[in-house]
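A.B. asks: Residue numbering for the sequence shown follows this note's numbering, starting at 305 and increasing by one per position.
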Amino acid sequence: MTADLFEAIPDVRPLREVMADGAVLLRGFAQDFENELIPALREIIAQAPFRRMFTPGGHQMSVAMTNCGSAGWVTDHSGYRYDSIDPDSGKPWPAMPPAFRELAAQAAVAGSFANFAPDACLINRYVPGARMSLHQDRDEQDFAAPIVSVSLGLPAVFMFGGPKRADKPRRYRLEHGDVVVWGGPSRLFFHGVAPLADGEHVSMGRQRINLTFRKAQ
Ligand code: MD3
Ligand code: FE
């Protein structure tokens, strides 16, 4: 019997996967928002282009970043912080588009966090080889609020550790449209992204873009 090459291959990955207490992976959750997200992203990037920032230790990050919202995450020789002003333009960061807000709030509800009102969206751009080493996100004022992350473009291997740096990370493949909500006990867990593998995404090209929504201030 000949296999039909065009037969649909069933996707066995669950749509909702609990990664840890407070951390939920919602596969494909952003797919219905894609047509609004990508044009809005283009406008943000035109106002506040991606740039590779420097850590306080003097290393240039491989990930290029920008922000939208009333606060943006920045790093330079003096440290990490949230700032209402884009240091490259001297102007406020672009406003957070309604479609961004809506997606973040709806994902938070799906992850059991009501009334999530992010004031910052850090936008990370990975090209092949770019990575993010294991770290905690602790520059925000309110650790009770979750962080919502949206993956677009090339797939990445996300490394999810525990409360201690030495905790062995588990690996998750995050694909275009996947959303993760991180709150409660997992909010301060160590995490990172393995070097991006080369590839070409149908709509995003040779890159991965990750949106992380935060309540920073
Ligand atoms: C888990 N970004 O920007 S998003 C970051 O894919 C960052 O660009 C990664 O880590 C990326 O800080 C991962 C997911 C993420 C964000 C915050 C978290 C995971 C988290 C906070 C606590 C635990
Ligand atoms: Fe992080």
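The beta-carbon is built from N, C-alpha and C at its ideal position, and this holds for glycine as well.
Since this is a predicted model, take the numbers as computed values, not measurements.
#1: To the nearest angstrom, how far is the alpha carbon of Pro422 from that of Gly373?
#2: Quick one: is Glu406 buried, meaning 16 or more other Cβ sit within 10 Å of its Cβ, or exposed?
#3: Report yes if the C-beta of His505 is less than 8 Å from at least one heavy atom of the ligand MD3; otherwise report no.
#4: Buried or exposed: where does Met305 fall if 16 or more other Cβ atoms within 10 Å of its Cβ makes it buried?
#5: Is any non-hydrogen atom of the ligand FE found closer than 8 Å to the C-beta of His480, if you look at the structure I gave you?
#6: For Gly383, which of Leu478, Ile389, Gly361 has the nearest alpha-carbon?
#7: Name, in chain order, the residues that DSSP records as bridge partners for Thr516.
#8: Per DSSP, Asp380 is paired with what?
#9: Quick one: residues with CB closer than 6 Å to any heavy atom of the ligand FE, in chain order, please.
#10: According to DSSP, is Phe337 part of a helix, a strand, or is it coil?
#11: Within its chain, find whatever has a CB closer than 8 Å to the CB of Met323; leave out the 5 residues flanking it on each side and keep chain order.
#12: Give the secondary structure of Met305 by DSSP, where H, G and I count as helix, E and B as strand, and everything else as coil.
#13: Specify whether the segment 494 to 505 and the segment 446 to 454 touch according to this definition: at least 3 beta carbon pairs, one from each stretch, less than 8 Å apart.
#14: Which residue from Thr516, Ala498, Glu479 puts its Cα closest to that of Arg317?
#15: In the DSSP assignment, the beta strand (DSSP E) including Phe464 goes from what residue to what residue?
#16: Determine, using beta carbons only, whether Phe517 and Phe420 come nearer to each other than 9 Å.
#17: With DSSP collapsed to three states, give me the class of Glu406.
#18: Kindly indicate which residue of His363, Cys425, Pro353, Ser416 has the alpha-carbon position closest to the one of Ala399.
#19: So which of Gly326, Gly332, Asp325 has the shortest CA-CA distance to Leu522?
#20: Using the three-state DSSP reduction, which class does Val413 fall into: helix, strand or coil?
#21: How big is the Cα-Cα spacing for Asp387 and Gln335?
C.D. replies: Based on what the coordinates show:
#1: Your numbering for residue 422 matches position 118 in the sequence shown. Your numbering for residue 373 matches position 69 in the sequence shown. Roughly 8 Å between the two C-alpha positions.
#2: To locate residue 406, count along the sequence shown from 1; it is residue 102. The residue is exposed, with fewer than 16 neighbouring Cβ atoms inside 10 Å.
#3: Here residue 505 corresponds to residue number 201 of the sequence shown, with the count starting at 1. His505 Cβ: outside cutoff for every heavy atom of the ligand MD3.
#4: Working through the sequence shown from its first residue, we reach residue 305 at position 1. Its pLDDT being 48, under 50, Met305 is placed unreliably in this model, and the coordinates cannot settle the point.
#5: The sequence position of residue 480 within the sequence shown is 176, counting from 1. No; taking the cut-off as 8 Å, the Cβ of His480 has no heavy atom of the ligand FE nearer than that.
#6: Within the sequence shown, numbered from 1, the residue matching residue 383 stands at position 79. Cα-wise, what sits closest to Gly383 is Gly361.
#7: The residue given as residue 516 occupies position 212 in the sequence shown. Leu426, Ser453, per the DSSP bridge assignment.
#8: If you number the sequence shown from 1, residue 380 lands on position 76. Checking the DSSP bridge columns, you'll see Asp380 partnered with Gly383.
#9: Those residues, listed in chain order, are His439, Asp441, His495.
#10: Here residue 337 is taken as the residue at index 33 of the sequence shown, counted from 1. The answer is helix: DSSP assigns Phe337 an H, G or I state.
#11: The sequence position of residue 323 within the sequence shown is 19, counting from 1. Cβ within range, chain order: Leu329, Phe464, Arg474, Tyr476, Val484, Ser490.
#12: By 1-based counting over the sequence shown, the position of residue 305 is 1. Residue placement at Met305 is poorly supported in this model, since its pLDDT is 48, which falls under 50; the coordinates are not used for a value here.
#13: As far as the Cβ criterion goes, the segment 494 to 505 does not touch the segment 446 to 454, which means the pair count is below three.
#14: Against the sequence shown, residue 317 aligns to sequence position 13. Among Thr516, Ala498, Glu479, the Cα nearest to that of Arg317 is on Glu479.
#15: Start at 1 with the first residue of the sequence shown, and residue 464 comes out as number 160. Where Phe464 is concerned, the enclosing beta strand (DSSP E) stretches over 460 to 464.
#16: Within the sequence shown, numbered from 1, the residue matching residue 517 stands at position 213. Within the sequence shown, numbered from 1, the residue matching residue 420 stands at position 116. Going by C-beta atoms, Phe517 is nearer than 9 Å to Phe420.
#17: Mapped onto the sequence shown, residue 406 falls at position 102. Glu406 falls in the helix class under three-state DSSP.
#18: The count along the sequence shown starts at 1 and reaches residue 399 at position 95. The shortest C-alpha separation from Ala399 is found at Cys425.
#19: Residue 522 lies beyond the range of the chain shown here (305 to 521); nothing can be said about it.
#20: As a first step, residue 413 must be located in the sequence shown, where it is residue number 109. Val413: helix per DSSP, three-state reduction.
#21: Taking the sequence shown and counting its residues from 1, the one referred to as residue 387 is at position 83. Taking the sequence shown and counting its residues from 1, the one referred to as residue 335 is at position 31. Those two C-alpha atoms are separated by around 30 Å.
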